[in-house]
Ligand SMILES: [Zn+2]
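In our numbering, the protein residues as written are 2 to 387.
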């Protein structure tokens with residue numbers, strides 16, 4: 002296997018069978034996930050997605066068409082959070098705003114970021130491209146797959162945040178975006194940082210994240226699209242700024258040699274947690290999964306594969322969720338209850354199944370309030386002290 006970023010030798014890091022097609026949305030299908038990695042450039046990727054990008058995009062299409070990107074009830078417009086301010090600060094350090102006119106954001110969502118730019122720099126002409134049709138948008142937006150859109154090379158700045166990691170053919174995507182830029186113009190790419198997710202106890206290996214980028218991988222990918230990396234920022238997410246110009250020859254990024262160790266220690270923790278949960282079950286304890294979502298399905302598929310279906314069926318299991326509409330439904334073979342109606346028969350090991358910090362922050366106090374001295378608490382695979 003060859004690394005799609007640096008063409009170096011690559012290896013399979015692990016496989017997981019029967020994963021939900023999307024961790025965020027019900028797709029009614031499961032896939033086997035194979036994660037590959039490269040020691041030359043620290044790129045990790047979903048091998049199946051990269052092997053057949055068209056098939057991957059075809060079965061992800063219904064998920065992305067119904068992606069609920071921002072909850073309008075939850076966030077005022079424009080949402081200006083720590084992430085927004087970090088990216089804006091990074092751009093301020095490198096952009097000559099008065100000299101810029103046309104700015105495009107690909108994956109613009111409701112237009113929050115562009116609306117904030119407009120507030121700061123009233124002279125900018127802004128346009129968003131968004132693949133999910135949304136009812137509420139605050140800036141001029143084209144709703145289409147960006148690959149279907151052509152522009153003359155006229156933009157001074159193109160921004161794409163939290164999009165590249167979903168692309169199974171990132172070279173095609175970046176080359177396409179580069180075609181929108183005038184010579185010398187800038188492209189900002191923001192992606193999640195694998196290490197940050199691992200630190201938060203989040204399992205980063207979701208099917209829809211086709212690529213897990215390092216700075217080096219991004220620099221190499223940019224070169225293949227005629228872009229030169231001029232700056233990188235890891236304050237919050239990984240943001241890199243490319244300029245549309247021929248590269249100078251020498252690579253400017255270095256390889257983060259601890260990334261492989263971090264990934265392996267995370268996988269080791271997953272193994273340890275599985276062993277601990279197995280012991281818990283064998284001592285007559287109950288496993289109570291909190292959050293009847295695809296996160297639960299992803300996690301339980303790993304356990305079912307590891308323990309065998311028959312053993313899993315014989316475990317003392319419970320599944321609880323805060324949404325009343327889910328109560329009494331069956332998810333992954335378990336009947337969903339409310340946390341309040343769940344009556345543990347013995348000691349209980351709670352597993353909070355949530356990807357996002359703001360969900361976990363709501364869920365953790367609720368479960369902590371119910372725990373006895375013999376109970377245990379995990380956030381996905383990560384044991385929590387309390
Ligand atoms: Zn590589």
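Built from N, CA and C at the ideal position, the CB exists for glycine as well.
For ligand 1, residues whose Cβ lies under 6 Å from any non-hydrogen atom
4, 6, 7, 9, 39, 41, 42 and 44
Residue range of the beta strand (DSSP E) that residue 33 falls in?
31-39
In the structure shown, what three-state DSSP assignment does residue 368 receive?
helix
Looking at residue 263 and residue 390, is the spacing between their C-beta atoms short of 8 Å?
Outside the shown range of the chain (2 to 387) lies residue 390, about which nothing can therefore be said.
Could you pull the DSSP bridge partners for residue 291 from this structure?
321 and 353
Opening and closing residue of the alpha helix (DSSP H) in which residue 115 lies:
113-121
Quick check: residue 381 and residue 202, are their CB atoms within less than 8 Å of each other?
yes
Do the CB positions of residue 34 and residue 63 come within less than 8 Å of each other?
no
Distance between beta carbons of residue 16 and residue 302, contact taken as under 8 Å:
In fact, because the Cβ distance is near 12 Å, the residues do not count as touching under 8 Å.
Smallest Cα separation from residue 163: which of 239, 278 and 344?
239
Bridge partner(s) assigned by DSSP for residue 233
241
Taking C-alpha atoms, which residue in 13, 14 and 32 lies nearest to residue 22?
32
Taking its Cβ as the centre, do 16 or more other Cβ atoms sit within 10 Å of residue 272, making it buried, or is it exposed?
exposed
Any contact of the stretch 131-144 with the stretch 170-177, i.e. 3+ C-beta pairs under 8 Å?
no
So residue 241 and residue 219 are in contact, right, with Cβ under 8 Å, and what is the actual spacing, rounded?
5 Å
Keeping to the same chain, check which residues put their C-beta closer than 6 Å to that of residue 216; ignore five residues upstream and five downstream.
233 and 254
When DSSP labels each residue in this structure, what does residue 95 get in the three-state scheme?
coil
When DSSP labels each residue in this structure, what does residue 395 get in the three-state scheme?
A question about residue 395 goes unanswered here, because the residues of the chain that appear run from 2 up to 387.
Run through DSSP, which three-state label would residue 15 get?
strand
Residue 47, DSSP secondary structure in three states:
Of the three classes helix, strand and coil, the one that applies to residue 47 here is strand, per DSSP.
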